[in-house]
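Here the sequence shown is numbered in full-length UniProt numbering, starting from 1 and rising by one per residue. Report on one structure; see the data block that follows.
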Amino acid sequence: MSAENLSSAESPIEKKPPHETQLYVSVEESKLPIVYGPEYNIGFLGLEKLHPFDAGKWGRVYQFLKDDNLLQDDTTARPQEATEQDLLVVHKKSYLESLKLASILEWTVLKEWSMTVAAITEVPPVAMLPNFIVQNKVLKPFRYQTGGTILAAKLAMERGWGINIGGGFHHSSSDRGGGFCAYADITLAITFLFERNPKVTKAMIIDLDAHQGNGHERDFMNDDRVYIMDVYNRGIYPHDGFAKRAIKRRVELEHHTKDDVYLNLVATNMEDALKEFQPDIIVYNAGTDILEGDPLGCLSITPKGIIQRDEIVFEKAKKWKIPVLMVTSGGYQKTTARIIADSIINLKNKGLISIEAAKNCQPSRRRIVSSKSNSQSYETLFSRLSRFLSGSSTPEESKEYCSVKEKTTLTTPDASDCPDRGPQ
Numbered sequence: 001m002s003a004e005n006l007s008s009a010e011s012p013i014e015k016k017p018p019h020e021t022q023l024y025v026s027v028e029e030s031k032l033p034i035v036y037g038p039e040y041n042i043g044f045l046g047l048e049k050l051h052p053f054d055a056g057k058w059g060r061v062y063q064f065l066k067d068d069n070l071l072q073d074d075t076t077a078r079p080q081e082a083t084e085q086d087l088l089v090v091h092k093k094s095y096l097e098s099l100k101l102a103s104i105l106e107w108t109v110l111k112e113w114s115m116t117v118a119a120i121t122e123v124p125p126v127a128m129l130p131n132f133i134v135q136n137k138v139l140k141p142f143r144y145q146t147g148g149t150i151l152a153a154k155l156a157m158e159r160g161w162g163i164n165i166g167g168g169f170h171h172s173s174s175d176r177g178g179g180f181c182a183y184a185d186i187t188l189a190i191t192f193l194f195e196r197n198p199k200v201t202k203a204m205i206i207d208l209d210a211h212q213g214n215g216h217e218r219d220f221m222n223d224d225r226v227y228i229m230d231v232y233n234r235g236i237y238p239h240d241g242f243a244k245r246a247i248k249r250r251v252e253l254e255h256h257t258k259d260d261v262y263l264n265l266v267a268t269n270m271e272d273a274l275k276e277f278q279p280d281i282i283v284y285n286a287g288t289d290i291l292e293g294d295p296l297g298c299l300s301i302t303p304k305g306i307i308q309r310d311e312i313v314f315e316k317a318k319k320w321k322i323p324v325l326m327v328t329s330g331g332y333q334k335t336t337a338r339i340i341a342d343s344i345i346n347l348k349n350k351g352l353i354s355i356e357a358a359k360n361c362q363p364s365r366r367r368i369v370s371s372k373s374n375s376q377s378y379e380t381l382f383s384r385l386s387r388f389l390s391g392s393s394t395p396e397e398s399k400e401y402c403s404v405k406e407k408t409t410l411t412t413p414d415a416s417d418c419p420d421r422g423p424q
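Structure representation (structure tokens):
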């Protein structure tokens, strides 16, 4: 995004009369401010396996929370899909149009056909799929998660906290996507609050994903209402020097940073940030790609360290009496779903989130059991595609893809063993 695009005249957070939206639905008191929908999960013909991202982790987090009786279907807030009108609150029309792919086989429109979604997901074969499959199997889950972040932000202001089991697409900005991030849900959630909630005039983003959150940084570059603290691995994607100008408190890590150093940096910098800036809401991007062994994050934080990190953020939000919204963002190992669930359970056990309002609801005892037979494992790609084209495939079948206040760098082992690629 050029400097010209960041002028106040074209700012993605320019004040406009709020449009009519279905995203701000009324949520019964009997439901927790935890947002999830089965539409979150991405799966299409097995192509999602070509990317290290666990494209079904959101459903597994939810199932773990159900198994541990923290929530049930009837105590979970359900989001609506973000419409184009919702997305246009932040996104440029030209960018949204670039996501509407024509088939690569239609050579006459090749110049208009876009590599955007294939590039965003880092799965090149996506470029070969018909547009309606891309829309329904890739972009629709992103739009539901975006709606979930917007709803969870509303609930955070009403209940004191909100968690979207998905979201955290911090590489997407008003005019671009990248790193498995198609829609700027963080920017959208904050902008919706600015437009619709008079109690919200200032917001703080605490981005603790392993990657720099260059999307929301570009979006809020010239907006003094938003304070950004970003703690990330300096040696990996996206290396966005321009976006760094928006960071008010920048903490750069070296590869293989461990728990003790990391947790101290998070705690001290967040405390100092809250002394500098008193927001009406904290938006916490809680990426788990900081986990040791993550192929893209290249840090060395233990599962216990991640749980402690989340606890620090919620403790400080409670201390300062600031509502907090949590989104789950990046995380590229199968173990991250269990860690996210354990962290949310820990927040409940420590009294940092309350589930009292949903206690009187009758918990559902139904368990989701896959009806997929072993023989389907040997099914041909053609037959799977046929079911997609006919619309008869099920989700279960397709499942399993600045201003600088402070800069800190750490001396750690050589980073040559870690790949420099996104996302999140």
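Just so you know, even glycine gets a beta-carbon here, dropped at the ideal spot from N, CA and C. None of the values given here were measured: they were computed from a predicted structure.
Please classify N41 as buried or exposed, where buried requires at least 16 neighbouring CB atoms within 10 angstroms.
Reading the sequence shown from its first residue, position 41 is the one you call residue 41. Classification of N41: buried, given that the 10 Å Cβ count is 16 or more.
Buried or exposed: S26, going by 16 or more other Cβ atoms within 10 Å of its Cβ?
Here the question's residue 26 lines up with position 26 in the sequence shown. Burial call: exposed.
Relative to the C-alpha of G235, which residue among N222, D223 and H255 is closest?
Residue mapping note: residue 235 aligns to position 235 of the sequence shown, counting from 1. Out of N222, D223 and H255, H255 has the C-alpha closest to the C-alpha of G235.
Beta-carbon within less than 7 Å of R309's beta-carbon, same chain only, minus the 5 sequence neighbours each way: which residues are those?
For this step, residue 309 is matched to residue 309 along the sequence shown. Same-chain partners within the cutoff: L208, L263 and V266.
Would you say F142 and A189 are within 8 Å of each other, going by their C-beta atoms?
In the sequence shown, residue 142 corresponds to position 142, counting from 1. In the sequence shown, residue 189 corresponds to position 189, counting from 1. Not a contact, by the Cβ cut-off of 8 Å.
Expressed to the nearest angstrom, what Euclidean distance is found between the alpha-carbon atoms of N233 and G213?
By 1-based counting over the sequence shown, the position of residue 233 is 233. By 1-based counting over the sequence shown, the position of residue 213 is 213. Approximately 11 Å, taken between the alpha carbons.
Assign R225 to one of three DSSP states: helix, strand, or coil.
If you number the sequence shown from 1, residue 225 lands on position 225. In the structure shown, R225 sits in coil (DSSP, three-state: anything other than H, G, I, E or B).
Starting from the Cα of I34, find the closest Cα among Q333, K350 and V324 and give me that residue.
Taking the sequence shown and counting its residues from 1, one reaches residue 34 at position 34. If we check each option's Cα against that of I34, V324 comes out closest.
So, are the CB atoms of D280 and G330 less than 8 Å apart?
Against the sequence shown, residue 280 aligns to sequence position 280. Against the sequence shown, residue 330 aligns to sequence position 330. It is not a contact, given that the beta carbons lie outside the stated cut-off.
Start and end of the alpha helix (DSSP H) containing G305?
The sequence position of residue 305 within the sequence shown is 305, counting from 1. Note, G305: alpha helix (DSSP H), P303 to K319.
For S173, does the three-state DSSP call read helix, strand or coil?
Looking up residue 173 in the sequence shown gives position 173. Looking at S173 - three-state DSSP - the assignment turns out to be strand.
Simplified DSSP assignment, three categories, for E203
Within the sequence shown, numbered from 1, the residue matching residue 203 stands at position 203. Contrary to the premise, residue 203 reads as Ala rather than Glu in this sequence. DSSP places A203 in strand when its eight states are reduced to three.
Would P17 be called buried (16 or more neighbouring beta carbons within 10 Å of its own) or exposed?
In the sequence shown, the residue the question calls residue 17 occupies position 17. So P17 counts as exposed.
Give the range of the alpha helix (DSSP H) segment to which E276 is assigned.
The residue labelled residue 276 in the question sits at position 276 within the sequence shown. Counting along the chain, the alpha helix (DSSP H) containing E276 begins and ends at D259 to E276.
Neighbourhood of V61 by C-beta distance below 6 Å, restricted to the same chain and skipping five residues each side:
Along the sequence shown, one-based indexing puts residue 61 at 61. Contacts found: I165, A337, I340 and A341.
Touch check for the region 185 to 202 and the region 145 to 152: three-plus C-beta pairs under 8 Å?
yes
Unbroken beta strand (DSSP E) run spanning L325, endpoints:
Counted from its first residue, the sequence shown places residue 325 at position 325. Residues V324 to V327.
Among all the DSSP beta bridges, which residues are the ones paired with R78?
Looking up residue 78 in the sequence shown gives position 78. DSSP output for R78 lists no bridge partner at all.
When DSSP labels each residue in this structure, what does N349 get in the three-state scheme?
In the sequence shown, counting from the first residue as 1, residue 349 sits at position 349. Helix at N349.
K316 versus I282, L96 and L32, residue with shortest Cα-Cα distance:
By one-based count along the sequence shown, residue 316 stands at place 316. Comparing Cα positions, the closest option is I282.
Starting from E251, trace the beta strand (DSSP E) in both directions and tell me its first and last residue.
Locating residue 251 in the sequence shown gives position 251, where the first residue counts as 1. Correcting the residue type first, residue 251 is Val in the shown sequence and not Glu. It spans R249 to L253 - the beta strand (DSSP E) in which V251 sits, taken as one unbroken run.
Could you tell me the distance, in whole angstroms, from the CA atom of D74 to the CA atom of K31?
To locate residue 74, count along the sequence shown from 1; it is residue 74. To locate residue 31, count along the sequence shown from 1; it is residue 31. Rounded to the nearest angstrom, the two C-alpha atoms are 7 Å apart.
Would you mind giving the Cβ-Cβ distance between D219 and A184, rounded to the nearest angstrom? I have them listed as a contact below 8 Å.
What you label residue 219 is simply residue 219 of the sequence shown in a count that begins at 1. What you label residue 184 is simply residue 184 of the sequence shown in a count that begins at 1. The Cβ separation is near 6 Å, so the contact holds.
Just confirm the distance between the C-beta atoms of H211 and G179, as a whole number of angstroms; I'd bet it's less than 8 Å.
For the purposes of this step, residue 211 is taken as residue 211 along the sequence shown, with counting starting at 1. For the purposes of this step, residue 179 is taken as residue 179 along the sequence shown, with counting starting at 1. So it is a contact: roughly 7 Å between Cβ atoms.
Where I344 falls: helix, strand or coil (DSSP)
Working through the sequence shown from its first residue, we reach residue 344 at position 344. Reduced to three states, the DSSP call for I344 is helix.
Spatial distance of I307 from S343 (CA atoms):
For the purposes of this step, residue 307 is taken as residue 307 along the sequence shown, with counting starting at 1. For the purposes of this step, residue 343 is taken as residue 343 along the sequence shown, with counting starting at 1. I307 and S343: Cα-Cα distance of roughly 5 Å.
Between the beta-carbon of M157 and the beta-carbon of L193, is there less than 8 Å?
If you number the sequence shown from 1, residue 157 lands on position 157. If you number the sequence shown from 1, residue 193 lands on position 193. Contact flag set, yes.
Rounded distance between the beta-carbons of I206 and D259, thought under 8 Å:
As a working note, residue 259 is residue 259 in the sequence shown. As a working note, residue 206 is residue 206 in the sequence shown. Their Cβ separation, rounded to whole angstroms, is 18 Å, which puts D259 and I206 out of contact at 8 Å.
Give every residue of the same chain whose Cβ lies closer than 8 Å to the Cβ of E356, excluding the five residues on either side of it in the sequence, and list them in chain order.
Taking the sequence shown and counting its residues from 1, one reaches residue 356 at position 356. Taken in chain order, the list of residues that qualify is empty.
Status (buried if at least 16 other CB within 10 Å, exposed otherwise) for D67:
Locating residue 67 in the sequence shown gives position 67, where the first residue counts as 1. Classification for D67: exposed.
Distance, L274 Cα to H239 Cα:
Stepping through the sequence shown from its first residue, residue 239 is reached at position 239. Stepping through the sequence shown from its first residue, residue 274 is reached at position 274. Each residue's Cα considered, the two are about 26 Å apart.
Below 8 Å between beta carbons: does that hold for G37 and R78?
Taking the first residue of the sequence shown as position 1, residue 37 is located at position 37. Taking the first residue of the sequence shown as position 1, residue 78 is located at position 78. Contact: yes.
Counting only the same chain and skipping the five closest in sequence on each side, list residues whose C-beta sits under 7 Å from that of Q85.
The residue given as residue 85 occupies position 85 in the sequence shown. The residues are H19.
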